[in-house]
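Following: one structure in structure tokens, then a few remarks.
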Amino acid sequence: MFSDKKDFQEAFKKKLKTQFGKTVDTATEYDAYRTLGALVQDHVNENWLKTRQEYQAKKAKQVYYFSMEFLMGRLLGNNLLNMQLLSLVDEGLEELGLSLSALEEKEKDAGLGNGGLGRLAACFLDSLASLQLAGHGYGMRYKYGMFDQQIIDGKQVELPDDWLSQQFIWEVRRPEEALEVRFGGHISATENDNGDLTFNYYGYEQIQAVPYDVPVVGYNNDTVNTLRLWSAEPTVDDTLTKAEVESHYGHFLDHKRSLEAISEFLYPDDSNEEGKRLRLKQEYFLVSAGVQSVIRSFEELNLPWSQFSDQVAMHINDTHPALIIPELMRILMDDKGLGWEEAWEITQSSVSYTNHTTLVEALESWPVDMVRNLLPRVFMIIDEINERFCQSLWKAYPGEFDRIADLAIVADGQVKMAHLSIVGSHSVNGVAKLHTEILKKREMKRFYDTFPERFNNKTNGITHRRWLLHANPSLTSAITEAIGSDWKEDPKQLQRLMEKKDDLAFLDQLHDIKQENKRNFADWVYQTQNIVVDPNSIFDVQIKRLHGYKRQLLNALHIMHLYNELKSDPTLEIVPRTFFFGAKAASGYHFAKKVIQLINRIAHVINKDPEVNDKIKVVFLPNYSVSVAEKIIPATNVSEQISTASKEASGTGNMKFMMNGALTVGTMDGANVEIHDFVGDDHIYTFGLSSEEVLEYYRSGGYSSRELYEQDDRIRHTLDQLIHYSPFSKGETDFQDIYDALVTHNDEYFVLKDFADYILAQKKVSQDYQRTRQWNLKSLVNIAQSGAFSSDRTIQEYARDIWQIDRVQSLK
Ligand code: 26V
6 MFSDKKDFQE AFKKKLKTQF GKTVDTATEY DAYRTLGALV QDHVNENWLK TRQEYQAKKA
66 KQVYYFSMEF LMGRLLGNNL LNMQLLSLVD EGLEELGLSL SALEEKEKDA GLGNGGLGRL
126 AACFLDSLAS LQLAGHGYGM RYKYGMFDQQ IIDGKQVELP DDWLSQQFIW EVRRPEEALE
186 VRFGGHISAT ENDNGDLTFN YYGYEQIQAV PYDVPVVGYN NDTVNTLRLW SAEPTVDDTL
246 TKAEVESHYG HFLDHKRSLE AISEFLYPDD SNEEGKRLRL KQEYFLVSAG VQSVIRSFEE
306 LNLPWSQFSD QVAMHINDTH PALIIPELMR ILMDDKGLGW EEAWEITQSS VSYTNHTTLV
366 EALESWPVDM VRNLLPRVFM IIDEINERFC QSLWKAYPGE FDRIADLAIV ADGQVKMAHL
426 SIVGSHSVNG VAKLHTEILK KREMKRFYDT FPERFNNKTN GITHRRWLLH ANPSLTSAIT
486 EAIGSDWKED PKQLQRLMEK KDDLAFLDQL HDIKQENKRN FADWVYQTQN IVVDPNSIFD
546 VQIKRLHGYK RQLLNALHIM HLYNELKSDP TLEIVPRTFF FGAKAASGYH FAKKVIQLIN
606 RIAHVINKDP EVNDKIKVVF LPNYSVSVAE KIIPATNVSE QISTASKEAS GTGNMKFMMN
666 GALTVGTMDG ANVEIHDFVG DDHIYTFGLS SEEVLEYYRS GGYSSRELYE QDDRIRHTLD
726 QLIHYSPFSK GETDFQDIYD ALVTHNDEYF VLKDFADYIL AQKKVSQDYQ RTRQWNLKSL
786 VNIAQSGAFS SDRTIQEYAR DIWQIDRVQS LK
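For the sequence shown, position 209 (counting from the first letter as 1) is numbered 214 according to the numbering used here, and the numbering increases by one without interruption.
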């Protein structure tokens, strides 16, 4: 590594010359970024090799975290941070007339995920490496990641995210480790003398899965794990023979494109929509390539199959990679010659599953015909798993047809992926206490009755390295001055900040840091959006995917209500607030797009109205992403976590805000409940229906939104502005569907029901914000308690309870 600044500068200049043919004077910022990246990669590579050798030598059990999404964001700054090079490089570059943060901006986000689920996977990789655990990610190398969002005429427009048009400097293509994945075709069975069946697979289509490895650098420990991303790449053999190529070049190209399509794009939907065949292909592609590669590594150890689960754990992030279960069975039986019982024992003991949502519409199921046609042998195995499972149920619950039909993996012409995942694994976990309880008591009650020992909770977490050390360096220094630096490796120690609760100078310092972050963010907003925002106003932020249950609409209606109050009484004193939103809507999700349009309309009306725009302002940040989150979270005062109780499995943005000293306005949902437990009533603003109340309303049907609309003048007036002539509707029908959802269709997400209580909570926020010292104390308590939400804690729990792996000590 670099011994000092000078050493770094020499290496930097040399790399610039030898690899890019430039000098510091002639290099562009992009050249400098690539040079720095290449230097970092050189050092990473040494530790990467060492780590692999160490794992092999120690025969360390390996965890493979299978996920269709890894929302990594940018890597340069985080790699430097984890390698303890950040300040040396920062200073070294500055002397050369370059700015590290400007170079970091040159990197495109690796946006290979939709939202919380994908970002969680990325935080987990950071924690695995930082805790010296042998855990790797297996994912897809999509050519196009999460779409780029533009707002045109106040509406969302999606553009392809062509992120690979700029080289992804961290990946290493490993063609020598490519594998074949097969689709379609037919199966024939032949019986040998012993009566054993052999299955022959013919007439299939095959495609190469080529791995691209991305290093995952641990914090200050020389560990480098791997994120392996698979790309679908046809060979000429996969497509047509040479003669056919010559006569049907057009067909060849069509076929080639159809094969490449498998890793072409990330499904932007997090949903179960039509046109899913390609998605099923993607899922099997990841699973088959991944499982084959895991088996290849295991076989290098020359151990008996009975030791497979001592060496390997495979985790499925939601049900998307659930085909691991039949795929592992297939390979063990058809290729390795194991019997059903032995293969099943190995499969169950090595596979574990996390559920990330209870929304029924989000649960994956595939039409039987589709699975059978695309994956004939895999389907036979699923069918057999189902058959055996139903038989065992029949023994346990004789005559209970209802229950068995309810639990079956294959039923009503569908393959139910959650059922397959539960039956085929030894551990099923939810992502926050409340979520896990809802799974056990309601959504998966009958599975819980059958396999109570499989169910457990693992409350989500976030990496404090990206979300505090890197995103908020000023706060990081202040904390370190106050309690020393041990918290960086043991974030629970942030709790020691509680000792500072009466230290007025420290509380003032927290305030100054927040103000500085707000000013920096305001500058960025001005430069990128041309909107002036007041850093002395409350920065109130809701950033997350747009969905009905997340209730951005509740926030928007509250802002309309504030506007109405200010217009009807221009002398009204309110604490100035700037409301920020960042949200992408799935392209086919009409309602969500309407909410985006409404927020942009509200922003347009309010920001240009001089009667109100020094008191409230609304900013919609287009193309919300990991790197935008890193900018806004340190500058936030109020974190909006206002989902309909019971609907948000956990949330992780809530934790990032808390760690950066924002106060939560939230429902008792997901991990908000646990944040509340840690900080106590006085340091969080909770409001609204409880999850029990919500679930009871759904059960009893006793809610009438129209009644509320008719009784509450504030609600009626605000909603009428959506459809009658008003500054917001401009006399058009753009927002009729929103009105209808709330009034005519009985407000599925209880927006109107929670409206009054939300207004009260927000009033309290405004009052409290004016008492600066007390506010700063609340902020301190949130930071101090946030260590419990570090993904290091979460990963230690997974390692201990689910994967049974230990630290690989001797690396550093
Ligand atoms: C799926 C669907 C599909 C149907 C349409 C609407 C919809 C909405 C959400 C989803 C969620 C897919 C799974 C997911 O991303 N869950 C998120 O996982 C995070 C990490 O555990 C957790 O913090 C979030 O609360 C949870 O929504």
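Where is the CB? At the ideal position from N, CA and C, for every residue including glycine. Since the structure is predicted, the reported quantities are computational estimates derived from the model, not experimental observations.
For ligand 1, a non-hydrogen atom lies closer than 8 Å to the CB of valine 436.
Your pair arginine 335 and valine 383 checks out as a contact, with CB atoms roughly 6 Å apart and the cut at 8 Å. Within the same chain, and ignoring the five residues on either side of valine 678 in sequence, the residues whose Cβ sits closer than 8 Å to its Cβ are Ala437, Lys438 and Leu439. With a contact defined as Cβ atoms closer than 8 Å, lysine 111 and glutamate 34 qualify at about 6 Å. The criterion of a C-beta distance shorter than 9 Å is not satisfied by glycine 658 and isoleucine 800. For the pair alanine 32 and threonine 40, the CB atoms are nearer than the 9 Å cut-off. Close CB contacts of asparagine 322 within its chain, under the 7 Å cut and outside five residues either way in sequence, are with Tyr70, Phe71, Ser72, Leu122, Ala126 and Thr359 (chain order). When the alpha-carbon of serine 236 is set against those of Val221, Thr195, Asp259 and Leu291, the nearest one is in Leu291. A straight-line Cα-Cα distance of about 40 Å links leucine 727 and serine 791.
Counting along the chain, tyrosine 744 sits inside the alpha helix (DSSP H) bounded by residues 741–744.
Assignment of beta-bridge partners to tryptophan 235 by DSSP yields Met145 and Pro216. Between the alpha carbons of leucine 571 and threonine 723 lies a distance of about 13 Å. Methionine 6 and serine 644 have their C-alpha atoms spaced approximately 40 Å apart. For alanine 527, the uninterrupted alpha helix (DSSP H) segment begins and ends at 509–534. Judged by the Cβ position, serine 132 fails to qualify as a neighbour of ligand 1 at the 8 Å threshold, every heavy atom of the ligand being at least this far. For tyrosine 554, the CB falls within less than 8 Å of some heavy atom of ligand 1. DSSP places glutamine 287 within a helical segment (H, G or I) once states are collapsed to three. Inter-segment contact for the region 360–370 and the region 328–342 is absent: fewer than three beta-carbon pairs are separated by less than 8 Å. Taking the Cα of leucine 480 as reference, the smallest distance to any Cα among Leu425, Phe662 and Ile267 is reached at Phe662. For serine 592, the CB stays at least 8 Å from every heavy atom of ligand 1. Taking C-beta separations shorter than 7 Å and ignoring five residues to either side along the sequence, the partners of glycine 418 in its chain run Pro372 and Val373, following chain order. A straight line joining the alpha-carbon of asparagine 665 with that of alanine 654 spans about 22 Å.
Between alanine 318 and valine 229 the beta-carbon gap is near 20 Å, outside 8 Å, which marks them as no contact. Distance from the Cα of arginine 178 is smallest, within the candidate group Pro216, Leu668, Val631 and Ala650, for Pro216. Following the DSSP letters along the chain, one finds lysine 421 inside the beta strand (DSSP E) bounded by residues 419–421. By the Cβ-count criterion, histidine 469 is buried, with 16 or more other Cβ atoms from all chains shown falling within 10 Å of its own Cβ. In the DSSP assignment, valine 624 falls within the unbroken beta strand (DSSP E) covering 621–625. Counting every other CB atom within 10 Å of its CB across the protein chains shown gives arginine 704 a total below 16, marking it as exposed. Per DSSP, lysine 445 lies in no beta strand (DSSP E) and is assigned neither H nor E.
Cβ-Cβ separation between leucine 425 and isoleucine 414: approximately 5 Å, consistent with a contact (criterion under 8 Å).
Lysine 20 is not bridged by DSSP to any residue. For methionine 151, there is no enclosing alpha helix (DSSP H), as DSSP gives it neither H nor E. Counting the other Cβ atoms within 10 Å of the Cβ of proline 639 gives 16 or more, which makes it buried. Rounded to whole angstroms, the separation of the alpha carbons of phenylalanine 75 and phenylalanine 692 is 33 Å. Going by beta carbons, glycine 116 and leucine 130 fall outside the 9 Å limit.
When the beta-carbon positions are compared, valine 600 and glutamine 557 come within less than 9 Å of each other.
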